[in-house]
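Heads up, the thing below is written out as structure tokens.
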Amino acid sequence: MDIKVIPLSQLQTDAPGLLTRCCDSGQPVVVEIPDHRLVAIQPLDADDEDDTLISDLIDTNADFRALVEKSALSPRKPFVVNSVRTE
Numbered sequence: 533m534d535i536k537v538i539p540l541s542q543l544q545t546d547a548p549g550l551l552t553r554c555c556d557s558g559q560p561v562v563v564e565i566p567d568h569r570l571v572a573i574q575p576l577d578a579d580d581e582d583d584t585l586i587s588d589l590i591d592t593n594a595d596f597r598a599l600v601e602k603s604a605l606s607p608r609k610p611f612v613v614n615s616v617r618t619e
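Numbering (the numbering used here), first residue to last: 533 to 619.
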């Protein structure tokens, strides 16, 4: 597994793009902050029974639990596949 290490400035430049690539690849990204400490960002797989982070968050964090409950109650938007429009 090739773990990418990037400076904080690179994350700040394109956070949405970098996080999307991290999730799409399934690979963690390590960010080096200015004082040379390292922070790992890794995608979570809600279907992975070995990954307990989401369960731990639900069990121990009331704000996260409320967010999950609110999401479960909200209406779902239909998944729309890009289609060709004819006029």
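C-beta atoms are modelled at their ideal positions from N, C-alpha and C, and glycine is treated no differently.
Going by DSSP, residue 539 is part of the beta strand (DSSP E) stretching over 536 to 539. Straight-line measurement puts the Cα of residue 600 at about 29 angstroms from the Cα of residue 570. Residue range 570 to 573 is occupied by the beta strand (DSSP E) that includes residue 570. Nearest neighbour of residue 534 by Cα position, chosen from 547, 558 and 542, turns out to be 558. Using a C-beta cut-off of 8 angstroms, the segment 560 to 579 makes contact with the segment 535 to 551, since at least three inter-stretch Cβ pairs fall below that distance.
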